[in-house]
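Asks: One structure is given below, represented as structure tokens, and several questions about it will come after.
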Amino acid sequence: MTDTLATPAKPQGIRITGAFHRLLAFSGLIALVVVFSLASPNFMQTNNVLAILQATSVNGVLAIAATLVIITGGIDLSVGTLMTFCAVICGVVLTYLGMPLPLGILAAIAAGTASGLISGTIVAKLKVPPFIATLGMMLILKGLSLVISGTRPIYFNDTPGFTQIAQGSIIGSVFPALPIPNGVLILFLVAIIAAFILGRTVLGRYTFALGSNEEAVRLSGVNTDRWKIAVYALAGGICGVAGLLIASRLNSAQPALGQGYELDAIAAVVIGGTSLSGGRGTILGTLIGALIISVLANGLRILSVAQEWQTVVTGTIIILAVYADILRRRRL
Amino acid sequence: MNRRTLISAIALAAALGFGAPAMAQDKPDIALISKGFQHQFWQAVKAGADKAAAEFNVNVTFEGPDSETQVDRQIDMLAAALSRNPDAIGFAALDSQAATPLLQQAKDRNIPVIAFDSGVDSDIPLTTATTDNVAAAALAADKMAELIGGSGKVAVVAHDQTSRTGIDRVDGFVNRIKEAYPNIEVVAVQYGGGDHLQSTEITKSILLANPDLKGIFGANEGSAIGVVNGKRELGSSIVVIGYDSGAQQKQAITEGLMNGAITQNPVGIGYETVKAAVAALKGETLQPVIDTGFYYYDASTMANPEIAAVLYD
């Protein structure tokens with residue numbers, strides 16, 4: 001597992017760095033947990049830990065999608081509204097068309113993949129910079145979500161079991177003492193699959209290679225466009241999973257939600273040590289980054305910290321985390 | 001200096017610096033989860049809640065998401081509030097259904113829930129402290145009719161068409177015009193998300209499309225300010241009726257750009273919510289709805305004590 005999660009594109013030295021870095025990010029998370037546990041007896045309660053994990057699931061999945069694109073040296077600003085779009089599509093299929101649950105799940109993931117294909121094509125073939133291409137897609141998807149849903153939330157009351165996707169607990173039904181929500185399981189499942197793709201497949205190798213030196217890859221005869229489109233499509237499909245999670249969590253597709261979520265996802269990615277200039281990053285780091293964000297938000301709330309200060313602290317942590325990363329890199 | 005020291009230092013600072021109020025836990029702890037936070041309206045609700053907190057000697061926290069679309073963020077806030085084990089909860093739902101499992105949890109744990117503002121569509125809350133938005137918007141329609149002389153075209157710029165307040169205010173205004181003023185036509189109802197700039201653009205397009213328009217109703221603070229901006233930019237002289245207050249809207253009324261506005265009593269909403277929570281903790285029975293009231297105000301009545309008390313900057 002350790003190997004799959006490490007950066008494979010660079011030689012031996014970096015691999016050790018990767019392990020070291022994960023350790024650092026992880027200790028940051030542990031430090032936060034320890035501090036909050038000492039500060040409030042309510043923090044380390046089972047229910048609260050579950051609430052934190054539940055709160056991480058959507059942002060975590062979005063952050064994994066963003067990580068893949070960022071490693072190629074691109075950026076995906078459309079992850080938040082794409083998530084909403086997929087949720088709306090799922091709502092249309094299940095509630096408006098009355099189709100069975102598996103079709104709704106497929107539709108959400110297919111919609112995400114299709115949108116990713118389009119973004120990837122705009123970036124790779126039309127040579128529109130990723131920032132602009134995905135900014136455009138962000139707005140297009142936001143508008144389409146509103147149009148398709150008629151700007152009203154679509155509820156899933158007619159689909160029994162829909163809320164179970166994120167809110168139910170398969171583990172809890174076997175071990176009642178451990179009611180980990182399915183949404184969290186799905187997050188970990190997505191993380192493992194993404195880490196496997198990055199570490200063990202050709203697609204993963206090209207993802208890193210595109211971010212390190214796209215020109216060199218192209219000159220060595222690889223069809224870089226095709227691989228780039230594949231990465232965006234994969235990221236889109238993962239956003240589809242996030243759409244399912246949020247829809248199941250809220251038992252509704254909320255068409256107006258989603259803008260701004262890309263920033264939280266990108267924050268998790270950078271806290272996790274993935275470089276915005278591409279070529280370097282890990283899924284485990286992103287997972288830890290997403291956990292740091294939700295532990296912070298939850299812990300500050302448990303401590304009744306005024307909301308104004310919560311955002312100040314969160315912003316500070318993001319800058320410090322990335323600065324610590326830069327310091328460490330300089331020293332090596 | 002590594003990441004660990006940095007993060008622990010800041011977290012420690014956070015815990016020690018801001019955690020202090022949480023340590024003094026002998027007073028009843030009431031968590032309010034609202035629909036917004038930084039908007040002046042919600043800050044006025046918070047001010048009312050703080051006032052009641054001081055009066056009844058309880059601790060009150062007040063939180064809300066950055067935007068009224070962030071349903072999941074609000075659910076996370078409610079979950080964190082429940083983890084804190086508060087004595088009572090005040091809640092203004094962005095989407096009632098999404099919050100049901102957590103509210104059920106509160107009920108199972110015997111934590112009283114008081115709904116406020118747009119309330120919660122559920123039988124779990126003991127009471128709802130709110131404005132009658134339909135009646136308030138109907139009053140705006142009456143004033144509009146009076147100001148434009150009972151006939152002509154009018155339009156509505158509202159915040160959104162999914163929230164209870166958005167629906168009630170648009171319906172309240174439009175239905176009142178239809179029922180009571182056959183010579184007035186509502187030519188457009190458009191939505192700008194309560195965003196100043198977006199509402200400004202919408203207003204300009206309505207004005208350009210309907211040169212003979214006589215008046216616009218802005219259904220919340222952001223929409224109303226947008227309407228005023230649009231009117232100013234085009235040098236129009238239509239009648240404008242706003243909703244809620246805030247420094248910009250009050251100034252527009254003083255300057256004559258806006259004829260008047262409906263004000264809810266946000267301070268009262270916050271105050272009554274906490275007061276009801278305290279009553280619930282004492283085991284008192286509560287009315288199902290606490291009407292927190294509304295007023296129409298204009299430049300001549302703005303300084304009246306009963307109005308000035310509920311306006312906020």
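Line order of the protein sequences matches chains Z and V. Position 31, counted from 1, in the first sequence is what the UniProt record's numbering calls 31; the numbers after and before it change by one each time, with no gaps. Position 2, counted from 1, in the second sequence is what the UniProt record's numbering calls 2; the numbers after and before it change by one each time, with no gaps. Glycine residues also receive a C-beta, built at the ideal position from the N, C-alpha and C atoms.
Using 9 Å as the threshold, is the C-beta distance between I30/V and I89/V below it?
Replies: Yes, Cβ-Cβ distance for I30/V and I89/V is below 9 Å.
Asks: For A39/Z versus A268/Z, is the C-beta spacing smaller than 9 Å?
Replies: Contact flag unset, no.
Asks: Check whether chain Z comes within 9 Å of I75/V, counting only Cβ atoms and requiring the distance to be less than that.
Replies: Yes, contact with chain Z.
Asks: Can you pull the chain V residues whose beta carbon is under 9 Å from the beta carbon of Y206/Z, in chain order?
Replies: Neighbours of Y206/Z on chain V: none; closest Cβ ~30 Å, over 9 Å.
Asks: From I292/Z to G28/Z, what distance separates their C-alpha atoms?
Replies: I292/Z and G28/Z: Cα-Cα distance of roughly 8 Å.
Asks: When burial is assigned at 16 or more other CB atoms within 10 Å of the CB, is Q74/V buried or exposed?
Replies: So Q74/V counts as buried.
Asks: Indicate the three-state DSSP secondary structure (helix, strand or coil) for I238/V in the structure shown.
Replies: Residue state, collapsed to three classes: coil.
Asks: Whole angstroms are fine: how far does the CA of Q164/Z sit from the CA of K282/V?
Replies: Those two C-alpha atoms are separated by around 37 Å.
Asks: Between G260/Z and chain V, is any beta-carbon pair separated by less than 9 Å?
Replies: Yes, contact with chain V.
Asks: Report all residues from its chain with a CB closer than 7 Å to the CB of I283/Z; omit the five preceding and five following residues, and keep chain order.
Replies: Same-chain partners within the cutoff: L5, I64, T67, A191, A194, A195, L198.
Asks: Counting pairs of Cβ atoms below 8 Å between the stretch 91-106 of chain V and the stretch 31-46 of chain V, do you hit three or more?
Replies: With a cut-off of 8 Å, the stretch 31-46 of chain V and the stretch 91-106 of chain V count as touching, because enough Cβ pairs lie within range.
Asks: Would you say R84/V faces chain Z, with C-beta separation under 9 Å as the test?
Replies: By this cut-off, R84/V is an interface position.
Asks: Name the residue from A247/Z, S119/Z, G260/Z, A124/Z whose alpha carbon lies nearest to the alpha carbon of R218/Z.
Replies: Of the listed residues, the one whose Cα sits closest to R218/Z is A124/Z.
Asks: Measuring only the C-alpha atoms, how far is P179/Z from L103/Z?
Replies: Taking the straight line from one Cα to the other gives about 27 Å.
Asks: Using a C-beta cutoff of 9 Å, does I246/Z count as contacting chain V?
Replies: Taking Cβ atoms only, chain V reaches closer than 9 Å to I246/Z, which makes this a yes.
Asks: Can you find a CB in chain V that lies within less than 9 Å of the CB of N47/Z?
Replies: Yes - at least one Cβ of chain V is within 9 Å of the one on N47/Z.
Asks: Considering only DSSP beta bridges, list what E306/V is partnered with.
Replies: For E306/V, which the question treats as bridged, DSSP gives no partner whatsoever.
Asks: With a threshold of 16 other CB atoms inside 10 Å of the CB of P266/V, please say whether the residue is buried or exposed.
Replies: The residue in question, P266/V, is buried, as its Cβ has 16 or more Cβ neighbours within 10 Å.
Asks: Name the DSSP bridge partner or partners of K153/V?
Replies: Bridge partners of K153/V: E185/V, L213/V.
Asks: The alpha helix (DSSP H) spanning V289/V covers which residue range?
Replies: No alpha helix (DSSP H) contains V289/V, which is instead part of the beta strand (DSSP E) from 289-291.
Asks: Strictly below 7 Å CB to CB, what residues from chain Z border A80/V?
Replies: Under the 7 Å cutoff, chain Z gives A51, N298, R301, I302.
Asks: Kindly say whether P101/V, judged by its beta-carbon, lies nearer than 9 Å to any beta-carbon of chain Z.
Replies: With 9 Å as the cut-off, P101/V counts as an interface residue toward chain Z.
Asks: Is there contact here, the stretch 63-77 of chain V with the stretch 222-229 of chain Z, by at least three beta-carbon pairs under 8 Å?
Replies: Contact fails: fewer than three Cβ-Cβ distances are below 8 Å.
Asks: Just the C-alpha distance for residue 317/V and R169/V, rounded to the nearest angstrom, thanks.
Replies: Residue 317/V is absent from the model: chain V starts at 1 and stops at 313.
Asks: Would you verify that the beta carbon of V189/V is, or is not, closer than 9 Å to some beta carbon of chain Z?
Replies: No, no contact with chain Z.
Asks: What in chain V is Cβ-close to N42/Z, meaning under 8 Å?
Replies: What N42/Z touches in chain V: S83, R84, N85.
Asks: Leaving out the 5 sequence neighbours to the left and right, which residues in its chain are closer than 6 Å to A242/Z when beta-carbon positions are compared?
Replies: So the list reads V58, V61, L62, M83, once near-sequence residues are dropped.
Asks: Which value, in whole angstroms, describes the spacing of the CA atoms of M23/V and V60/V?
Replies: Because the pLDDT of M23/V is 45, which lies under 50, any placement of that residue in the model is unreliable, and the question is left without a value.
Asks: Go ahead and pull the three-state DSSP assignment for T56/Z.
Replies: Helix.
Asks: Since G168/Z sits in a beta bridge, which residues does DSSP pair it with?
Replies: The partner list for G168/Z (beta bridge, DSSP) is empty, contrary to what the question assumes.
Asks: With DSSP run on the structure shown, which of helix, strand or coil describes S252/Z?
Replies: Strand.
Asks: Which one of D195/V, V186/V, Q43/V, I307/V has the shortest CA to CA distance from N210/V?
Replies: Minimum Cα distance to N210/V is reached at V186/V.
Asks: Provide the residue span of the beta strand (DSSP E) that contains I262/V, from first to last.
Replies: Unbroken beta strand (DSSP E) run through I262/V: 260-264.
Asks: Just tell me which of I319/Z, A306/Z, I317/Z, V322/Z has its CA closest to the CA of M77/V.
Replies: Of the listed residues, the one whose Cα sits closest to M77/V is A306/Z.
Asks: May I ask you to list, following chain order, the residues of the stretch 213-228 of chain Z that have a beta carbon less than 8 Å from some beta carbon of chain V?
Replies: Within the stretch 213-228 of chain Z, no residue qualifies.
Asks: Taking only beta-carbon atoms, is L257/Z less than 9 Å away from chain V?
Replies: So, interface residue.
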